[in-house]
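Numbering (the UniProt record's numbering), first residue to last: 1 to 374.
And the structure:
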(Lines of atoms letter the chains of each structure in order from A and count residues from 1; the text may use other names and numbers.)
(Lines give C-alpha, C1' and ligand atoms only; values in the text may rest on other atoms or scores of the structure.)
Protein backbone atom coordinates (compact mmCIF):
# COMPACT_ATOMS: atom_id res chain seq x y z
CA UNK A 1 0.00 0.00 0.00
CA UNK A 2 2.79 2.40 0.94
CA UNK A 3 4.60 1.49 -2.27
CA UNK A 4 1.51 2.36 -4.31
CA UNK A 5 1.11 5.68 -2.54
CA UNK A 6 4.80 6.45 -3.03
CA UNK A 7 4.53 5.66 -6.73
CA UNK A 8 1.42 7.84 -6.99
CA UNK A 9 3.16 10.73 -5.23
CA UNK A 10 6.18 10.37 -7.50
CA UNK A 11 3.97 10.42 -10.58
CA UNK A 12 2.16 13.48 -9.24
CA UNK A 13 5.46 15.29 -8.63
CA UNK A 14 6.66 14.39 -12.12
CA UNK A 15 3.42 15.66 -13.69
CA UNK A 16 3.73 18.89 -11.73
CA UNK A 17 7.35 19.35 -12.85
CA UNK A 18 6.47 18.57 -16.46
CA UNK A 19 3.58 21.04 -16.27
CA UNK A 20 5.91 23.77 -14.99
CA UNK A 21 8.41 23.21 -17.79
CA UNK A 22 5.50 23.10 -20.22
CA UNK A 23 4.77 26.74 -19.37
CA UNK A 24 8.11 27.90 -20.81
CA UNK A 25 7.23 27.55 -24.53
CA UNK A 26 3.93 29.38 -23.90
CA UNK A 27 5.67 32.24 -22.09
CA UNK A 28 8.92 32.36 -24.09
CA UNK A 29 7.87 35.27 -26.29
CA UNK A 30 6.52 37.48 -23.44
CA UNK A 31 9.76 36.83 -21.51
CA UNK A 32 11.81 37.84 -24.55
CA UNK A 33 9.66 40.96 -25.01
CA UNK A 34 10.24 42.03 -21.40
CA UNK A 35 13.98 41.40 -21.62
CA UNK A 36 14.35 43.39 -24.85
CA UNK A 37 12.16 46.24 -23.58
CA UNK A 38 14.08 46.50 -20.30
CA UNK A 39 17.46 46.59 -22.04
CA UNK A 40 16.32 49.07 -24.68
CA UNK A 41 14.66 51.35 -22.11
CA UNK A 42 17.84 51.42 -20.01
CA UNK A 43 19.95 52.18 -23.10
CA UNK A 44 17.72 55.05 -24.24
CA UNK A 45 17.45 56.60 -20.78
CA UNK A 46 21.18 56.41 -20.12
CA UNK A 47 22.45 57.27 -23.61
CA UNK A 48 19.80 59.57 -25.09
CA UNK A 49 18.64 61.26 -21.89
CA UNK A 50 22.07 61.04 -20.31
CA UNK A 51 20.85 59.81 -16.90
CA UNK A 52 23.47 58.24 -14.67
CA UNK A 53 20.97 56.05 -12.79
CA UNK A 54 18.10 55.28 -15.16
CA UNK A 55 16.72 52.44 -13.06
CA UNK A 56 13.10 53.63 -13.45
CA UNK A 57 13.18 53.07 -17.21
CA UNK A 58 13.60 49.24 -17.20
CA UNK A 59 11.33 48.96 -14.15
CA UNK A 60 8.53 50.83 -15.93
CA UNK A 61 9.07 48.73 -19.06
CA UNK A 62 8.72 45.43 -17.19
CA UNK A 63 5.73 46.67 -15.16
CA UNK A 64 3.92 47.80 -18.32
CA UNK A 65 4.51 44.49 -20.12
CA UNK A 66 3.42 42.50 -17.07
CA UNK A 67 0.02 44.18 -16.94
CA UNK A 68 -3.10 42.19 -17.69
CA UNK A 69 -3.55 41.87 -21.47
CA UNK A 70 -5.76 44.53 -22.95
CA UNK A 71 -4.81 47.11 -20.32
CA UNK A 72 -1.27 48.06 -21.31
CA UNK A 73 -2.03 51.21 -23.26
CA UNK A 74 -4.40 52.63 -20.66
CA UNK A 75 -2.35 51.58 -17.65
CA UNK A 76 1.02 52.78 -18.99
CA UNK A 77 -0.14 56.32 -18.19
CA UNK A 78 -0.92 55.20 -14.63
CA UNK A 79 2.65 53.91 -14.25
CA UNK A 80 4.09 57.28 -15.25
CA UNK A 81 1.59 59.20 -13.11
CA UNK A 82 2.28 56.99 -10.11
CA UNK A 83 6.00 57.56 -10.51
CA UNK A 84 5.48 61.32 -10.66
CA UNK A 85 3.36 61.35 -7.50
CA UNK A 86 5.79 59.15 -5.59
CA UNK A 87 8.79 61.21 -6.67
CA UNK A 88 7.24 64.53 -5.74
CA UNK A 89 6.15 63.36 -2.28
CA UNK A 90 9.44 61.59 -1.56
CA UNK A 91 11.66 64.46 -2.72
CA UNK A 92 9.89 66.92 -0.43
CA UNK A 93 9.71 64.51 2.50
CA UNK A 94 13.37 63.49 2.34
CA UNK A 95 14.52 67.08 2.59
CA UNK A 96 12.18 67.73 5.54
CA UNK A 97 12.51 64.58 7.66
CA UNK A 98 15.60 62.80 6.31
CA UNK A 99 16.12 59.10 5.66
CA UNK A 100 15.40 56.10 7.89
CA UNK A 101 12.97 53.28 8.64
CA UNK A 102 10.33 55.56 10.16
CA UNK A 103 10.75 58.05 7.32
CA UNK A 104 10.12 55.32 4.73
CA UNK A 105 6.86 54.42 6.48
CA UNK A 106 5.78 58.06 6.50
CA UNK A 107 6.76 58.65 2.86
CA UNK A 108 4.97 55.51 1.63
CA UNK A 109 1.79 56.46 3.50
CA UNK A 110 1.88 60.02 2.11
CA UNK A 111 2.59 58.87 -1.45
CA UNK A 112 -0.21 56.28 -1.42
CA UNK A 113 -2.66 58.74 0.13
CA UNK A 114 -1.85 61.33 -2.54
CA UNK A 115 -2.28 58.72 -5.28
CA UNK A 116 -5.66 57.67 -3.86
CA UNK A 117 -6.81 61.31 -4.01
CA UNK A 118 -5.95 61.30 -7.74
CA UNK A 119 -7.46 57.91 -8.50
CA UNK A 120 -8.10 54.58 -6.78
CA UNK A 121 -6.43 52.46 -9.44
CA UNK A 122 -4.27 49.89 -7.66
CA UNK A 123 -1.42 50.21 -10.16
CA UNK A 124 -1.18 54.00 -9.72
CA UNK A 125 -1.18 53.72 -5.91
CA UNK A 126 1.37 50.90 -5.81
CA UNK A 127 3.67 52.61 -8.30
CA UNK A 128 3.60 55.79 -6.21
CA UNK A 129 4.65 53.81 -3.14
CA UNK A 130 7.43 51.95 -4.99
CA UNK A 131 8.79 55.16 -6.48
CA UNK A 132 8.79 56.85 -3.08
CA UNK A 133 10.70 53.94 -1.53
CA UNK A 134 13.35 54.00 -4.25
CA UNK A 135 13.86 57.73 -3.83
CA UNK A 136 14.30 57.43 -0.05
CA UNK A 137 16.66 54.47 -0.32
CA UNK A 138 18.74 55.52 -3.33
CA UNK A 139 18.71 59.30 -3.31
CA UNK A 140 20.97 61.28 -0.94
CA UNK A 141 18.94 63.61 1.31
CA UNK A 142 20.54 66.72 -0.19
CA UNK A 143 20.22 65.70 -3.85
CA UNK A 144 17.14 67.84 -4.48
CA UNK A 145 14.30 67.21 -6.90
CA UNK A 146 15.14 65.74 -10.30
CA UNK A 147 12.62 65.18 -13.10
CA UNK A 148 14.86 62.53 -14.69
CA UNK A 149 13.11 59.62 -13.01
CA UNK A 150 9.73 60.75 -14.33
CA UNK A 151 11.10 60.87 -17.88
CA UNK A 152 12.69 57.47 -17.28
CA UNK A 153 9.26 56.07 -16.48
CA UNK A 154 7.84 57.59 -19.64
CA UNK A 155 10.66 56.11 -21.70
CA UNK A 156 10.21 52.68 -20.13
CA UNK A 157 6.45 52.60 -20.66
CA UNK A 158 6.78 53.89 -24.22
CA UNK A 159 9.41 51.33 -25.13
CA UNK A 160 7.27 48.54 -23.64
CA UNK A 161 4.26 49.55 -25.71
CA UNK A 162 6.40 49.85 -28.86
CA UNK A 163 7.93 46.40 -28.38
CA UNK A 164 4.53 44.90 -27.61
CA UNK A 165 2.90 46.26 -30.77
CA UNK A 166 5.81 46.22 -33.23
CA UNK A 167 6.88 42.68 -32.34
CA UNK A 168 3.63 41.00 -31.32
CA UNK A 169 3.29 37.34 -30.53
CA UNK A 170 1.28 35.13 -32.86
CA UNK A 171 -2.20 35.35 -31.30
CA UNK A 172 -3.45 32.05 -32.70
CA UNK A 173 -0.36 30.12 -31.65
CA UNK A 174 -0.45 31.72 -28.20
CA UNK A 175 -4.04 30.59 -27.61
CA UNK A 176 -3.53 27.15 -29.13
CA UNK A 177 -0.50 26.47 -26.94
CA UNK A 178 -2.46 27.50 -23.85
CA UNK A 179 -5.54 25.45 -24.79
CA UNK A 180 -3.96 22.21 -25.97
CA UNK A 181 -2.66 21.09 -22.53
CA UNK A 182 -6.18 21.54 -21.13
CA UNK A 183 -7.67 19.20 -23.73
CA UNK A 184 -4.86 16.66 -23.38
CA UNK A 185 -5.01 16.58 -19.57
CA UNK A 186 -8.81 16.64 -19.49
CA UNK A 187 -9.02 13.70 -21.91
CA UNK A 188 -6.38 11.80 -19.91
CA UNK A 189 -8.29 12.47 -16.68
CA UNK A 190 -11.50 11.08 -18.20
CA UNK A 191 -9.64 7.94 -19.30
CA UNK A 192 -8.33 7.61 -15.73
CA UNK A 193 -11.86 7.89 -14.34
CA UNK A 194 -13.03 5.16 -16.69
CA UNK A 195 -10.08 2.99 -15.66
CA UNK A 196 -10.81 3.54 -11.97
CA UNK A 197 -14.43 2.47 -12.50
CA UNK A 198 -13.40 -0.62 -14.45
CA UNK A 199 -10.83 -1.65 -11.85
CA UNK A 200 -12.83 -0.61 -8.79
CA UNK A 201 -9.81 1.47 -7.75
CA UNK A 202 -11.05 4.08 -5.26
CA UNK A 203 -7.57 5.43 -4.47
CA UNK A 204 -6.92 6.00 -8.15
CA UNK A 205 -10.06 8.12 -8.38
CA UNK A 206 -9.15 10.08 -5.26
CA UNK A 207 -5.62 10.80 -6.53
CA UNK A 208 -7.16 12.01 -9.75
CA UNK A 209 -9.10 14.72 -7.91
CA UNK A 210 -5.91 16.64 -7.11
CA UNK A 211 -4.73 16.26 -10.68
CA UNK A 212 -7.97 17.71 -12.04
CA UNK A 213 -7.78 20.63 -9.60
CA UNK A 214 -4.46 21.61 -11.19
CA UNK A 215 -6.38 22.27 -14.41
CA UNK A 216 -7.84 25.42 -12.83
CA UNK A 217 -4.47 27.12 -13.27
CA UNK A 218 -4.37 25.96 -16.89
CA UNK A 219 -7.80 27.48 -17.46
CA UNK A 220 -6.70 30.81 -15.96
CA UNK A 221 -3.63 30.83 -18.22
CA UNK A 222 -5.83 30.03 -21.20
CA UNK A 223 -8.19 32.92 -20.45
CA UNK A 224 -5.22 35.30 -20.11
CA UNK A 225 -3.77 34.02 -23.39
CA UNK A 226 -7.15 34.47 -25.08
CA UNK A 227 -7.38 38.07 -23.85
CA UNK A 228 -3.80 38.75 -24.98
CA UNK A 229 -4.52 37.15 -28.36
CA UNK A 230 -7.55 39.39 -28.92
CA UNK A 231 -5.56 42.48 -27.92
CA UNK A 232 -2.72 41.61 -30.30
CA UNK A 233 -5.04 40.71 -33.16
CA UNK A 234 -7.02 43.94 -32.83
CA UNK A 235 -4.00 46.24 -32.68
CA UNK A 236 -1.65 44.50 -35.10
CA UNK A 237 -2.42 44.91 -38.83
CA UNK A 238 -0.99 41.45 -39.52
CA UNK A 239 -2.95 39.84 -36.71
CA UNK A 240 -6.48 40.96 -37.52
CA UNK A 241 -7.08 37.95 -39.73
CA UNK A 242 -6.74 35.84 -36.57
CA UNK A 243 -9.84 37.36 -34.96
CA UNK A 244 -12.26 34.95 -36.63
CA UNK A 245 -10.29 31.94 -35.40
CA UNK A 246 -10.02 33.39 -31.90
CA UNK A 247 -13.80 33.75 -31.80
CA UNK A 248 -14.03 29.94 -31.89
CA UNK A 249 -12.03 29.80 -28.68
CA UNK A 250 -13.98 32.67 -27.14
CA UNK A 251 -17.25 30.87 -27.77
CA UNK A 252 -15.89 27.70 -26.18
CA UNK A 253 -14.00 29.25 -23.24
CA UNK A 254 -16.82 29.15 -20.69
CA UNK A 255 -17.76 25.60 -21.73
CA UNK A 256 -14.16 24.47 -21.38
CA UNK A 257 -14.15 25.75 -17.81
CA UNK A 258 -17.45 23.99 -17.11
CA UNK A 259 -16.04 20.77 -18.57
CA UNK A 260 -13.14 20.95 -16.12
CA UNK A 261 -15.62 21.44 -13.26
CA UNK A 262 -17.78 18.55 -14.50
CA UNK A 263 -14.73 16.30 -14.72
CA UNK A 264 -13.81 17.15 -11.14
CA UNK A 265 -17.37 16.34 -10.02
CA UNK A 266 -17.23 13.12 -12.06
CA UNK A 267 -13.97 12.09 -10.34
CA UNK A 268 -15.41 12.86 -6.91
CA UNK A 269 -18.60 10.95 -7.73
CA UNK A 270 -16.54 7.98 -8.94
CA UNK A 271 -14.56 7.94 -5.69
CA UNK A 272 -17.80 8.06 -3.68
CA UNK A 273 -19.39 5.22 -5.67
CA UNK A 274 -16.33 3.03 -5.20
CA UNK A 275 -16.03 3.95 -1.53
CA UNK A 276 -19.61 2.79 -0.91
CA UNK A 277 -19.03 -0.36 -2.93
CA UNK A 278 -21.91 0.33 -5.33
CA UNK A 279 -22.24 -1.72 -8.50
CA UNK A 280 -20.96 0.12 -11.58
CA UNK A 281 -23.01 -0.34 -14.77
CA UNK A 282 -20.82 -2.10 -17.33
CA UNK A 283 -21.37 0.48 -20.10
CA UNK A 284 -20.56 3.55 -17.99
CA UNK A 285 -16.73 3.44 -18.31
CA UNK A 286 -17.12 3.20 -22.09
CA UNK A 287 -19.35 6.28 -22.06
CA UNK A 288 -16.72 8.22 -20.15
CA UNK A 289 -14.05 7.11 -22.65
CA UNK A 290 -16.28 8.49 -25.40
CA UNK A 291 -16.24 11.82 -23.54
CA UNK A 292 -12.44 11.66 -23.62
CA UNK A 293 -12.50 11.17 -27.38
CA UNK A 294 -14.96 14.07 -27.70
CA UNK A 295 -12.60 16.35 -25.77
CA UNK A 296 -9.66 15.47 -28.04
CA UNK A 297 -11.82 16.00 -31.13
CA UNK A 298 -12.94 19.38 -29.78
CA UNK A 299 -9.30 20.43 -29.43
CA UNK A 300 -8.69 19.47 -33.07
CA UNK A 301 -11.78 21.40 -34.17
CA UNK A 302 -10.76 24.57 -32.36
CA UNK A 303 -7.32 24.36 -33.93
CA UNK A 304 -9.15 24.16 -37.27
CA UNK A 305 -7.68 20.75 -38.03
CA UNK A 306 -11.14 19.24 -38.47
CA UNK A 307 -14.83 20.09 -38.44
CA UNK A 308 -17.13 19.79 -35.41
CA UNK A 309 -18.68 16.50 -36.52
CA UNK A 310 -16.30 14.16 -34.67
CA UNK A 311 -16.61 16.04 -31.37
CA UNK A 312 -20.41 16.10 -31.65
CA UNK A 313 -20.63 12.44 -32.58
CA UNK A 314 -18.45 11.33 -29.65
CA UNK A 315 -20.28 13.57 -27.17
CA UNK A 316 -23.67 12.22 -28.23
CA UNK A 317 -22.38 8.63 -28.18
CA UNK A 318 -21.13 9.20 -24.63
CA UNK A 319 -24.56 10.50 -23.56
CA UNK A 320 -26.31 7.62 -25.34
CA UNK A 321 -24.14 4.94 -23.69
CA UNK A 322 -24.46 6.57 -20.27
CA UNK A 323 -28.24 6.86 -20.56
CA UNK A 324 -28.47 3.20 -21.57
CA UNK A 325 -27.12 2.25 -18.15
CA UNK A 326 -30.26 3.65 -16.55
CA UNK A 327 -32.22 0.76 -18.07
CA UNK A 328 -30.27 -1.61 -15.85
CA UNK A 329 -30.68 -1.94 -12.10
CA UNK A 330 -28.69 0.94 -10.68
CA UNK A 331 -28.09 2.86 -7.48
CA UNK A 332 -28.12 6.58 -6.80
CA UNK A 333 -24.38 7.05 -7.34
CA UNK A 334 -24.56 5.66 -10.86
CA UNK A 335 -27.44 8.01 -11.69
CA UNK A 336 -25.33 10.97 -10.53
CA UNK A 337 -22.46 9.88 -12.80
CA UNK A 338 -24.84 9.51 -15.74
CA UNK A 339 -26.14 13.02 -15.12
CA UNK A 340 -22.59 14.40 -15.15
CA UNK A 341 -21.82 12.64 -18.43
CA UNK A 342 -24.93 14.09 -20.03
CA UNK A 343 -24.17 17.58 -18.66
CA UNK A 344 -20.62 17.47 -19.98
CA UNK A 345 -21.87 16.23 -23.36
CA UNK A 346 -24.08 19.33 -23.61
CA UNK A 347 -21.13 21.60 -22.77
CA UNK A 348 -19.00 19.93 -25.45
CA UNK A 349 -21.79 20.28 -28.02
CA UNK A 350 -22.10 23.98 -27.20
CA UNK A 351 -18.32 24.36 -27.57
CA UNK A 352 -18.70 23.31 -31.21
CA UNK A 353 -21.01 26.24 -31.93
CA UNK A 354 -24.44 24.89 -30.98
CA UNK A 355 -26.68 27.05 -28.83
CA UNK A 356 -28.37 25.70 -25.71
CA UNK A 357 -31.61 24.73 -27.46
CA UNK A 358 -29.79 22.94 -30.31
CA UNK A 359 -27.53 21.05 -27.92
CA UNK A 360 -30.42 19.89 -25.73
CA UNK A 361 -32.47 18.87 -28.77
CA UNK A 362 -29.56 16.84 -30.16
CA UNK A 363 -29.07 15.20 -26.76
CA UNK A 364 -32.73 14.26 -26.37
CA UNK A 365 -32.83 12.86 -29.89
CA UNK A 366 -29.71 10.73 -29.39
CA UNK A 367 -30.19 9.81 -25.73
CA UNK A 368 -33.75 10.44 -24.51
CA UNK A 369 -34.63 9.70 -20.89
CA UNK A 370 -37.81 7.79 -20.22
CA UNK A 371 -40.39 9.43 -18.00
CA UNK A 372 -39.52 7.03 -15.19
CA UNK A 373 -35.82 7.88 -15.44
CA UNK A 374 -36.45 11.62 -15.59
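Don't be surprised by glycine CBs; every beta carbon is placed ideally from N, CA and C.
Here the structure is a predicted model, which is why all the values come from computation and not from measurement.
Candidates the options: closest to residue i by CA position
i: residue 193; options: 283, 271, 47; result: 271
i: residue 277; options: 248, 309, 333, 151; result: 333
i: residue 251; options: 197, 275, 365, 351; result: 351
i: residue 152; options: 174, 102, 137, 62; result: 62
i: residue 387; options: 342, 215, 337, 85; result: This structure cannot speak to residue 387, because the chain is shown only from 1 to 374.
i: residue 208; options: 131, 267, 311, 308; result: 267
i: residue 261; options: 219, 52, 306; result: 219
i: residue 92; options: 322, 283, 231, 110; result: 110
i: residue 158; options: 40, 234, 211, 185; result: 40
i: residue 223; options: 213, 178, 170; result: 178
i: residue 150; options: 323, 355, 88; result: 88
i: residue 206; options: 264, 246, 103, 95; result: 264
Reduced DSSP secondary structure (H/G/I, E/B, other) of residue i
i: residue 125; result: helix
i: residue 132; result: helix
i: residue 305; result: coil
i: residue 363; result: helix
i: residue 352; result: coil
i: residue 30; result: helix
i: residue 279; result: coil
i: residue 36; result: helix
i: residue 207; result: helix
i: residue 229; result: helix
i: residue 202; result: helix
i: residue 342; result: helix
i: residue 368; result: coil
i: residue 299; result: helix
i: residue 325; result: helix
Backbone CA spacing between residue i and residue j [nearest angstrom]
i: residue 257; j: residue 300; result: 17 Å
i: residue 363; j: residue 118; result: 55 Å
i: residue 215; j: residue 187; result: 12 Å
i: residue 106; j: residue 34; result: 32 Å
i: residue 294; j: residue 285; result: 14 Å
i: residue 326; j: residue 335; result: 7 Å
i: residue 259; j: residue 346; result: 10 Å
i: residue 375; j: residue 280; result: Residue numbering for the chain in the displayed model covers 1 to 374; residue 375 lies beyond these limits and cannot be assessed.
i: residue 376; j: residue 90; result: Outside the shown range of the chain (1 to 374) lies residue 376, about which nothing can therefore be said.
i: residue 69; j: residue 344; result: Low per-residue confidence applies at residue 69: pLDDT is 49, beneath 50, and the placement is therefore not dependable, though the value from the model is reported in the following sentence. Each residue's alpha carbon lies about 30 Å from the other.
i: residue 211; j: residue 189; result: 8 Å
i: residue 366; j: residue 318; result: 10 Å
i: residue 292; j: residue 64; result: 40 Å
i: residue 48; j: residue 154; result: 13 Å
i: residue 54; j: residue 133; result: 16 Å
i: residue 148; j: residue 255; result: 50 Å
i: residue 171; j: residue 56; result: 30 Å
i: residue 162; j: residue 156; result: 10 Å
i: residue 308; j: residue 298; result: 7 Å
i: residue 306; j: residue 198; result: 31 Å
Limits of the alpha helix (DSSP H) - the one that residue i falls within
i: residue 47; result: Note, residue 47: premise wrong, no alpha helix (DSSP H); not H, not E.
i: residue 155; result: 148-166
i: residue 214; result: Per DSSP, residue 214 belongs to no alpha helix (DSSP H) and is neither H nor E.
i: residue 253; result: 243-276
i: residue 55; result: Here residue 55 belongs to no alpha helix (DSSP H), and DSSP marks it neither H nor E.
i: residue 173; result: 171-199
i: residue 117; result: 101-118
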